[in-house]
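Protein chains in written order, with full-length UniProt numbering: chain G, 1 to 396; chain F, 1 to 396; chain S, 1 to 396. The structure appears right after this line, and notes come after that.
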Amino acid sequence: MMLATALVFIMHLGFASVEAGFTQSKNTVNILFKNTLTPVLGIVTYALLGFALMYPGEFNGILGFSMDSWDTIWFNSGSADVSEGYADGGYTFWTDFLYQAMFAATAATIVSGAVAERIKLGAYLTFTLFYVGIVYPIIGSWKWGGGFLDELGFVDFAGSTIVHSVGGWGALVGIWLLGPRIGKYNNGSTSEISGSSVPLATIGVFLLWLGWFGFNGGSVLSADPGLTSLVLVTTTLGACGGAIGGHFTSMIVMKRIDFGMVLNGILAGLVGVTAGADIITPFEALFIGGVAGVLVVFSVLLLDKLKLDDCVGAVSVHLTCGIWGTLATGIFGEGASFMSQLYGVLACGAAAIVGSFIIFYILKVTMGLRVSEEAEKHGLDSEEHGIRGYTILIED
Amino acid sequence: MMLATALVFIMHLGFASVEAGFTQSKNTVNILFKNTLTPVLGIVTYALLGFALMYPGEFNGILGFSMDSWDTIWFNSGSADVSEGYADGGYTFWTDFLYQAMFAATAATIVSGAVAERIKLGAYLTFTLFYVGIVYPIIGSWKWGGGFLDELGFVDFAGSTIVHSVGGWGALVGIWLLGPRIGKYNNGSTSEISGSSVPLATIGVFLLWLGWFGFNGGSVLSADPGLTSLVLVTTTLGACGGAIGGHFTSMIVMKRIDFGMVLNGILAGLVGVTAGADIITPFEALFIGGVAGVLVVFSVLLLDKLKLDDCVGAVSVHLTCGIWGTLATGIFGEGASFMSQLYGVLACGAAAIVGSFIIFYILKVTMGLRVSEEAEKHGLDSEEHGIRGYTILIED
Amino acid sequence: MMLATALVFIMHLGFASVEAGFTQSKNTVNILFKNTLTPVLGIVTYALLGFALMYPGEFNGILGFSMDSWDTIWFNSGSADVSEGYADGGYTFWTDFLYQAMFAATAATIVSGAVAERIKLGAYLTFTLFYVGIVYPIIGSWKWGGGFLDELGFVDFAGSTIVHSVGGWGALVGIWLLGPRIGKYNNGSTSEISGSSVPLATIGVFLLWLGWFGFNGGSVLSADPGLTSLVLVTTTLGACGGAIGGHFTSMIVMKRIDFGMVLNGILAGLVGVTAGADIITPFEALFIGGVAGVLVVFSVLLLDKLKLDDCVGAVSVHLTCGIWGTLATGIFGEGASFMSQLYGVLACGAAAIVGSFIIFYILKVTMGLRVSEEAEKHGLDSEEHGIRGYTILIED
C-alpha cells in the first residue's frame, strides 16, 4: 500500500508532463506551476477537510465529518496506536490518509489540463481548494465512505466515476464557462494547436500507466496477491486495448497515424478498466479498453464540433471513458448491476456539475476566470511568471 | 515480484527515452510511436501466443504449447484458485504472466533503436508481432520453460542471452537487411549523426538502470532477501564498471570525453552481469561490467567499419555484451560451465538469426522494409505522422 | 528496504534533471556527465572505503574501519550467511550497503549543482572520490556508526545534517574558492542566468520528492508500518509546506510568481523534515517545511549579496534548511534536545568545512579548479565533450 501511494504520487508528475507536452511552449511554466501546486494544495486541503468528510464513520449517507480522524491527522505523532487494528491490519491509518490524499489531488489535476492556456492562475488554484476539499470528498463518501451509493450496490473499484468522471465533469464545466482559446475555432473550422513536446507527453503517459498500477493495484486494499496481480493484468490489458482502439479509430476516421490518439487511447483504456478491474477477465479488460480507445477519438471530435476547447483531451479521457467504464462494469463485472451503475453515474455527475459550476461561476463573477487577450497571445509564462519554459541556444 | 514487474515496465519508458534522445529530432515522434506500441503489441501478442509457448509445462524440450495457461490468461477472473500453490506460493500466476510479458516486449524494443530513422512503421510493428509472439518464446522455452538448454546446464539468470542477445541478433539482422542511413558512410568515412536530446537519453539510461533492479532482482523469483539484495549489488556494480570502462576506453581510443559511451557503458555493464548476477561476487560484477564497457566501444567502432548502421548502439550493448556476460558466467559463476554457456549462446544465436531473418526477409520482399529516400531525408515525423516532436518557440 | 534503495537511486536522476534544467544549455552535457559519474564513482568509492569507515563496529567514536565488512563487500557471493541474523532480520547486509552507498553519493551530487558551469570536470570528479570515500563516511560514523555524536544524544533521522548539510558545506566551500560565473555579478547588480529547461527541472523535483519517500521511509530501517507510513506523511507535508512557504515569500519579497522558488521550496521542506520525520506530528512537519520554504528564499538572496554564485540554489536548500531542520528537531521532536542538535550541527559543519576546504584547495593549487574564460563563455559542452545537449531542428 505504501508502494501504491508512491506510484499514485508519480501520477502527478505524469499529469504535469502530459499537460506540458500537449500545450504550447509559451505556457509551459504556467502549466507546470499549476500541476506542482495542485498536489501541494490538494494534499493540504484534503488533510484540512477532505479526509474527514470522505470517511466520516457512521453518518447519514450523504454528509458527515469525522472529528476524530481530523484530530489524528494533525496532532498525532509516532505513537503506534492509531494504526493498531486499523483496517484489520491490512494497512495503517497514515497510509490510508496519504493514499487517499494523492487520489483526491488527481481529480483537480484532470481539470488543470482542460482549462490550460487561458485560465487565471488564482482562479484555478482557488477552484482546486474547494473541489478537492469539499466537492470530491462528499461525492466520494457516498460510495467509499459507506454512504447511500454503497448501500445501493454501486460498484466503482478504483474510481472511474468517483475520481475520473468527477474530475472530467469539473473540466467540462470549466471549459464551457471559459470559452475556447483564441484562434482555436475560426469560421467553422478547428485549427490544430501543436503541443510543445511529444517526448514530454510520452513520458507523462508512461508514468501515468505506471502510477495506475498503484491506483488500481492499491485499491485492492489488502495484501491478497492473487487479486492484486490480476488487477495489474486487467489494468495493463485495458491500456493496451485503448492504444489499439485509439490507433485504428484515428487511422480510419482521421486518415492519419495520430500518435496523440494512441497516447490518449492508453489513458482512456486505463480509465475504462478502473471501475471493475477486480471483477472482469483479462479478455474483457482488453475489450473495455479497446472500446474506450474508440470512444476517446469520437469524443474529441464531438467536443470540437461543440466548440468546447479541451487542450489535452481530458474530458474525453476521464469523463467519457469514466462513464463507459462504470457502465461496462455493470455489463461485464461479476456481481454488479447495470442500473446501480447508471444511477451512480447520474448521481455523481449531477453533484460534480453543480459543485464545479457553483465554484467556477462565483470565481467568474468575482475575480474573473480568464486572462486578458494580450496575456493569452503572448503566453502566460512571460505574463505571469517572467521566465520561459525553454531557453535552449542552438548555435550554428 | 509485482514491484519488479512495475520496474520492468518502466524499462519501456527508458528505451523510448534513450532511443528518442539518441536519434534525430525529425524522427522523434516516429520512434516514440514505435516504442509505445512495442509494449502494447508485445504484451497482447505474448498473451495470445508467447506465454503458452514459453512455459508449455511438460514438453519435448524444443516446442510446446500450454492450452491450460492460454485459457486461464484470457477467461479467468478474480477467482483465486489459479494462483493457489502456484510457484510454491512465491508469486501468483498473474504476476508470472505479466512479468514475463514485460520481459518479452523488451526483446523487440532492442531492435527498434537499431533500425530507427529508416524502417517502415508497418514493417517494424509486424516484425514485433512475430518476434515477440513466436521466436522469442520458443527460444525462451529451451531454458526457462525447462527445455533442452536447461537440461544441459546452461545458466542464464535474467536473460543476457535469452532476452538481450536474442534482441541484439534481431537488431543486427535488421540493420544488415536495411542498410545504413543516407549520409552515414560517405567515401570511407563515418559521419556522426547527433542525437536530438542528451537529457532525454540520460533519463532513459537511469530509468533502465532502475528497471534492471526489477529485471534482475525479480528474477530471483522468490522472496529470498539475501540473494535478491546481493543481486541488486552485483547489478549496480556491473553498471558502475561499465560506465568506467566505457569512459576510459573512449578517452584512450577516441581521445575525447564521450558521454554517449558512458551511457552505453552503463547499459553494457548491466547486460553483462545479467546472466550470472546471482552467482558472482561484487568484485567480479565490477570486473565483468568493466570489460563490457570496454567491449561496447570497440563493438561500435567495428560495426561502423562494417557499415552496419546501428542508430543507438543496441547491437553493441545487447548482443556483444550479452554474449560476453553469458560466457563470463561460465568463467566466474559458481556452478556454471563455460562449454554449456558457449553452447547456449550458439543455439540461441542460430535460432534468433534464422527467425529474425525469415521475418525481415518476407517483409522486405512483400511490403518493403525501408521508407522512401525522400521520407528519410524529410524525417519520418512529417511524412508518416504529420506532426513534429518539438514545437518550441524561442522568442527573442 | 530494497524498494527504498531503488527510490534513493532515482534521486540521482532527480538531481541530474534539476541541475541540467536550472543551468544553461551550453553546459547540459557537462552537468549530465558529472551527475551520471557521481553515483558511479560514489558507489564504487563507498564500497572501497566509505562503508567500512562509516560502520566500523566497535571503535573509538571518531575514526574506525571494519576489515570484515570490506572483505564481505568485495569477495562474498550468494552465500546467505552474511545476512543471517543481520539487523535482527530487518534487512540484509547487502541492502544495508547499497542503501548507504546511494545515500553517500547524494552528498557529492549536492556539490555538483552549486559549482556547475565553471568547474573543471577532473577537479569535480576527484573531489567526489575523496568526499564520498573519506569525509562523508567519517562524519557519518559519528552518528550512524555509533560514534561520539550518537552517544551525546544527537538526533538526525535521515540526514538533514549528516547528508544534506555535509553536502551543502562542500558546495559552499566550492563556490567560494571557485568564484562566481562570468557576468553573474556586474557593477553591484545580480543578473539572472536562465536555466535551459523548466520541464526538466520540474521532473527532477518530483523525482526527488518520490526518492525522499525512500530516503526517509527507508530510514525507519525496519518493517514497522505504522512509523514508516507516518514518516511518509510528515515527509509529504514538509514538501507541501516548503512549496507554500517558497511561493508566498517570493511573491512578497520578489513581487513575482517565481516557480523556481516553489521548486526549491519543495526541496527545502523535504530537507527540513528529514532530521526528525519520525518524531514530529504532521502539523509540525507542515510548519517546519513552511519555514524552510521561507528560509530558502532569503538564503538565495543573501548568497547573491555575498557574491557566492550557486547555480541551482543547492547551498540554500541543503545547508540552510539542513541546519534549520536539525535545530527544529531539537525544538519540536519528542526526545531530542536543542543543545545536542546544535552541537551536532557545529561538529559536522566544522568537519565538512575543513574536509572540503583541504580537498578543493589542494586541487586548486595542483590541477586548478576552474576552466578557462574562453571555455566558460563557449560552454563546457563544445569545449570538453564536443557535442551539444540539444540538437533540435525547428523547421519552418
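All C-beta atoms, glycine included, are put in the ideal place defined by N, C-alpha and C.
- Following the DSSP letters along the chain, one finds G/Leu-49 in no alpha helix (DSSP H), marked with neither H nor E.
- Between S/Val-198 and S/Ser-250, the beta carbon gap of about 15 Å keeps them out of contact (Cβ cut-off 8 Å).
- At least one beta carbon of chain S lies nearer than 8 Å to the beta carbon of G/Thr-5.
- For S/Ser-197, the three-state secondary structure derived from DSSP is strand.
- Between F/Cys-311 and F/Ala-114 the beta-carbon gap is near 6 Å, inside 8 Å, which marks them as a contact.
- At the C-beta level, G/His-12 and G/Asn-30 stay beyond 8 Å of one another.
- When the Cα atoms are used, F/Ile-10 and F/Gly-133 turn out to be separated by approximately 21 Å.
- If the five residues before and after G/Ile-119 are omitted, its C-beta is found closer than 8 Å to the C-beta atoms of Gly-174, Leu-178, Leu-369, Arg-370 and Val-371, all from its own chain and listed in chain order.
- Burial is judged here by how many other beta carbons sit within 10 angstroms of a residue's own beta carbon; G/Asp-68 has fewer than 16 and is exposed.
- Counted as a single uninterrupted DSSP element, the alpha helix (DSSP H) harbouring F/Tyr-343 occupies residues 338-365.
- Cβ-Cβ separation between F/Ala-107 and F/Gly-50: approximately 10 Å, too far for a contact (criterion under 8 Å).
- Only those residues of the region 59-74 of chain F whose C-beta falls short of 7 Å from the nearest C-beta of chain S would be listed, and there are none.
- For G/Ser-372, no alpha helix (DSSP H) run applies, since DSSP gives it neither H nor E.
- F/Ser-17 is positioned such that its CB atom lies no closer than 8 Å to that of F/Leu-263.
- Residues of chain S whose Cβ lies closer than 8 Å to the Cβ of F/Ala-243 are, in chain order, Thr-36, Leu-37 and Val-40.
- If the five residues before and after G/Ser-337 are omitted, its C-beta is found closer than 7 Å to the C-beta atoms of Gly-153 and Gly-330, all from its own chain and listed in chain order.
- Around the beta carbon of F/Met-1, 16 or more other beta carbons sit within 10 angstroms, so the residue counts as buried.
- Around the CB of S/Asn-187, fewer than 16 other CB atoms lie within 10 Å, so the residue is classed as exposed.
- F/Met-367 is classed as exposed because its beta carbon has fewer than 16 other beta carbons within 10 Å across all chains shown.
- In this chain, the alpha helix (DSSP H) harbouring S/Gly-293 covers 282-305.
- Residue contact check for F/Ile-257 against chain G: no CB pair falls below 8 Å.
- Within the model, the alpha-carbon separation for F/Leu-7 versus S/Tyr-361 is close to 42 Å.
- Contact fails between the region 85-97 of chain F and the region 140-153 of chain F, because fewer than three Cβ pairs, one in each stretch, are under 8 Å apart.
- The beta-carbon of G/Ile-392 is placed less than 8 Å from the nearest beta-carbon of chain S.
- Cβ neighbours of F/Trp-176 within its own chain (closer than 8 Å, five residues either side excluded): Leu-308.
- Residues of the same chain with a CB within less than 7 Å of the CB of G/Ile-139, apart from the 5 flanking positions on each side, are Ile-162, Val-166, Cys-348, Ala-351 and Ala-352 in chain order.
- Leaving aside the five residues that flank G/Gly-265 on each side, the residues in its chain whose CB is nearer than 7 Å to its CB run, in chain order, Gly-242, Ala-243, Gly-245, Gly-246, His-247, Gly-293 and Val-296.
- The Cβ atoms of F/Gly-217 and F/Ala-4 sit closer than 8 Å to each other.
- Residues of the region 205-225 of chain F with a Cβ closer than 9 Å to any Cβ of chain S, in chain order: Val-205, Phe-206, Leu-207, Trp-209, Leu-210, Phe-213, Gly-214, Gly-217, Asp-224 and Pro-225.
- Not one beta carbon of chain S lies nearer than 8 Å to the beta carbon of F/Thr-326.
- Taken atom to atom, the span from the alpha-carbon of G/Glu-19 to that of S/Asp-71 is near 50 Å.
- Ranked by Cα distance from S/Ser-229, the options G/Pro-282, G/Ile-203, G/Asn-76 and G/Thr-236 are led by G/Asn-76.
- Counting the other Cβ atoms within 10 Å of the Cβ of S/Val-205 gives 16 or more, which makes it buried.
- The beta carbon of G/Lys-184 is closer than 6 Å to those of Asp-309 in its chain, skipping five residues each way along the sequence.
- As a beta-bridge residue in DSSP terms, F/Thr-190 pairs with F/Tyr-185.
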